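Asker: Pasting a structure below so you can have a look.
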Amino acid sequence: MRAETRNEYRERIEAAVRFVLSRLDNPPSPVEIADHAGFSRFHFGRVFSLAVGEPLSEFVRRLRMERAAWKLENTADGVLELAIEAGYESAEGFSRAFRAVFLISPSEYRNEPSRHQVSSPSEVHWCPNGRERTPLLLLEGETSMEARIEKVDPRTVVALRHVGPYYLIGEKFGQVAGWGARHQVPYGEAIGIWYDNPEVVPAAELRSDACLTVPDGFALPPDDLELRITKVEGGEYAVATHMGSYEGLGDAWARFYGQAIPALGRELAETPSFEMYMNDCSKVPIEEVRTDLFVRLK
Numbered sequence: 124m125r126a127e128t129r130n131e132y133r134e135r136i137e138a139a140v141r142f143v144l145s146r147l148d149n150p151p152s153p154v155e156i157a158d159h160a161g162f163s164r165f166h167f168g169r170v171f172s173l174a175v176g177e178p179l180s181e182f183v184r185r186l187r188m189e190r191a192a193w194k195l196e197n198t199a200d201g202v203l204e205l206a207i208e209a210g211y212e213s214a215e216g217f218s219r220a221f222r223a224v225f226l227i228s229p230s231e232y233r234n235e236p237s238r239h240q241v242s243s244p245s246e247v248h249w250c251p252n253g254r255e256r257t258p259l260l261l262l263e264g265e266t267s268m269e270a271r272i273e274k275v276d277p278r279t280v281v282a283l284r285h286v287g288p289y290y291l292i293g294e295k296f297g298q299v300a301g302w303g304a305r306h307q308v309p310y311g312e313a314i315g316i317w318y319d320n321p322e323v324v325p326a327a328e329l330r331s332d333a334c335l336t337v338p339d340g341f342a343l344p345p346d347d348l349e350l351r352i353t354k355v356e357g358g359e360y361a362v363a364t365h366m367g368s369y370e371g372l373g374d375a376w377a378r379f380y381g382q383a384i385p386a387l388g389r390e391l392a393e394t395p396s397f398e399m400y401m402n403d404c405s406k407v408p409i410e411e412v413r414t415d416l417f418v419r420l421k
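All the letters of the sequence shown, read from the start, carry residue numbers 124 to 421 under our numbering.
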């Protein structure tokens, strides 16, 4: 990663971390943090979690829990008061969560305090006098994945919606491929479009589309599938290639967002990311299966 790009990302992540720490009693939304730190709203949650090693919600929860542990040791604040301050509606819920982190109950901790900090990939912790150190960003190392910038033409696609964990979209691709064969559709590439950030949206609510590219002006023939025609926007994209099993795509996206894209030094657009499946996984050896990853640039 170029030094100037690394420094810019460090400054933005630093701004995001400072903003979160200043608002622990009223945690800002991902949109608020993205605007404050100058990140794309659409992609911020994933960029943040890959940079600091924790999803934003877990980052906030841990910092609040560290603060509660320190207060148990150093103040007379009641458990219910600390529970509410940490975002829990009851002392019971707080106590369960506290025990899961510190392995003892709040009352036991108050009598025999041990540590008020827990493991943090970024080494950012809550401290009574402010942060002890700057974040150790996981995007600082070199990555084996190379990103490139490509001009992508707009595409018309037939899309079949999938709601749920992204890795389960394969069934929808089977359905849309079967539809194409039934109707002898002159389709081109297979594309998966991802609309939600899995670091923010629950897995059961993630929206994605299994798509086949079709000629402009294509009219859908009657069918039982809930298909629709939509567009993949054209423009400049950050692109990276993953070779191998589809099971490795989660790690590939992590390297892409966490290291390869920042190295390009470009801003991300507020549009969905997508994958393009460049060959047929049933016809080539697994190590030759190629998937290209696309994120649109401003």
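Cβ coordinates follow ideal geometry from the N, Cα and C atoms, glycine included.
Predicted, not measured: the structure shown is a model, and the values here were computed from it.
My assumption, with CB atoms under 8 angstroms, is that ILE227 sits in contact with THR279. Please give the rounded CB distance.
Answerer: Between THR279 and ILE227 the Cβ distance is about 59 angstroms, and since that is not below 8 angstroms, they are no contact.
Asker: How far does the alpha helix (DSSP H) with LEU147 in it reach, from first residue to last?
Answerer: Here LEU147 belongs to no alpha helix (DSSP H), and DSSP marks it neither H nor E.
Asker: Suppose the cutoff is 7 angstroms on Cβ atoms and the five residues either side in sequence are ignored; what does the same chain contact list for ALA214 look like?
Answerer: So the list reads VAL202, LEU203, ALA206, once near-sequence residues are dropped.
Asker: Which whole-angstrom value is the C-beta distance of ASP415 and MET399, which I expect to be below 8 angstroms?
Answerer: At roughly 5 angstroms, the Cβ-Cβ gap stays under 8 angstroms, so ASP415 and MET399 are in contact.
Asker: Grouping DSSP H, G and I as helix and E and B as strand, with all else coil, what is VAL418?
Answerer: VAL418 falls in the strand class under three-state DSSP.
Asker: Going by beta carbon distance, what residues of the same chain come within less than 8 angstroms of LEU348, once the five residues before and after it are set aside?
Answerer: Correct list, in chain order: LEU283, GLN298, VAL299, TRP302.
Asker: Can you give, in chain order, each stretch of the beta strand (DSSP E) that sits fully within the region 278–355 and has at least 3 residues?
Answerer: Listed in chain order, the complete beta strand (DSSP E) runs (minimum 3 residues) inside the region 278–355 are 278–286, 313–317, 330–337, 350–355.
Asker: Provide the residue span of the beta strand (DSSP E) that contains GLU231, from first to last.
Answerer: That residue, GLU231, is in no beta strand (DSSP E); its alpha helix (DSSP H) goes 229–234.
Asker: Name, in chain order, the residues that DSSP records as bridge partners for PHE397.
Answerer: According to DSSP, PHE397 bridges with ILE316, PHE417.
Asker: Helix, strand or coil for HIS166, going by three-state DSSP, please let me know.
Answerer: Here HIS166 sits in coil by DSSP.
Asker: Determine the DSSP secondary structure at GLU359, reduced to helix, strand or coil.
Answerer: In the structure shown, GLU359 sits in a strand (DSSP, three-state: E or B).
Asker: Taking Cβ positions only, does ARG271 come closer than 7 angstroms to chain C?
Answerer: No chain C appears in the structure shown, which is made up of a single protein chain.
Asker: At which residues does the beta strand (DSSP E) containing VAL275 begin and terminate?
Answerer: Looking at the DSSP string, the run of the beta strand (DSSP E) that includes VAL275 is 271–275.
Asker: Check whether the Cβ atoms of ARG419 and MET366 lie closer than 7 angstroms to each other.
Answerer: Going by C-beta atoms, ARG419 is not nearer than 7 angstroms to MET366.
Asker: When the Cα atoms are used, what is the spatial distance from ARG222 to SER230?
Answerer: Rounded to whole angstroms, ARG222 to SER230 spans 10 angstroms at the Cα level.
Asker: On the three-state DSSP scale, how would you describe HIS365?
Answerer: Looking at HIS365 - three-state DSSP - the assignment turns out to be strand.
Asker: Using 10 angstroms around the beta-carbon of VAL407, count the other beta-carbons present and answer buried if the total reaches 16, otherwise exposed.
Answerer: Exposed: under 16 other Cβ atoms inside 10 Å.
Asker: How about THR336 and GLY315: are their beta carbons less than 7 angstroms apart?
Answerer: For THR336 and GLY315, no; Cβs fall outside 7 angstroms.
Asker: Taking just the CA atoms, how far does ILE272 sit from ARG389?
Answerer: Computed Cα separation, rounded: 10 angstroms.
Asker: What's the gap between the Cα of ARG135 and the Cα of LEU350?
Answerer: C-alpha separation (whole angstroms): 40 angstroms.
Asker: Do the region 241–254 and the region 321–328 touch if we need at least three Cβ pairs shorter than 8 angstroms?
Answerer: No, the region 241–254 does not touch the region 321–328.
Asker: Taking the alpha carbon of SER237 as the point to measure from, which residue in ALA270, ALA192, ALA157, VAL281 has its own alpha carbon closest?
Answerer: Selected option, being the one with the closest Cα: ALA192.
Asker: PHE171 and HIS159 - do their beta-carbons sit closer together than 7 angstroms?
Answerer: No, they are not a contact pair.
Asker: Can you tell me whether LEU226 is helix, strand or coil according to DSSP?
Answerer: Three-state result, LEU226: coil.
Asker: Hey, could you find the ends of the alpha helix (DSSP H) LYS194 is sitting in?
Answerer: From DSSP, the alpha helix (DSSP H) with LYS194 extends over 179–197.
Asker: Relative to the C-alpha of GLU370, which residue among TYR290, PRO153, GLN240, VAL275 is closest?
Answerer: Measuring from the Cα of GLU370, the nearest candidate turns out to be TYR290.
Asker: Count the other CB atoms within 10 Å of the CB of ALA220; is the residue buried (16 or more) or exposed (fewer)?
Answerer: So ALA220 ends up on the buried side.
Asker: For GLY264, collect the residues of the same chain with a Cβ closer than 8 angstroms to its Cβ; drop the 5 residues on either side in sequence, then sort them by chain order.
Answerer: With a pLDDT of only 49 at GLY264, under the threshold of 50, the placement of this residue in the model should not be trusted, and no figure is reported.
Asker: Taking the beta carbon of GLY168 as the centre, do at least 16 other beta carbons fall within 10 Å, making it buried, or is it exposed?
Answerer: Buried, because 16 or more other Cβ atoms sit within 10 Å of the Cβ of GLY168.
Asker: Going by C-alpha to C-alpha distance, which of GLY210, GLY216, HIS306 sits closest to PHE341?
Answerer: Selected option, being the one with the closest Cα: HIS306.
Asker: Within the same chain, show all residues whose beta-carbon is closer than 8 angstroms to that of THR196, passing over the 5 residues directly before and after it, in chain order.
Answerer: For the record, residue 196 in the displayed sequence is Glu; it is not Thr. Correct list, in chain order: TYR232, ARG233, PRO236, HIS239.
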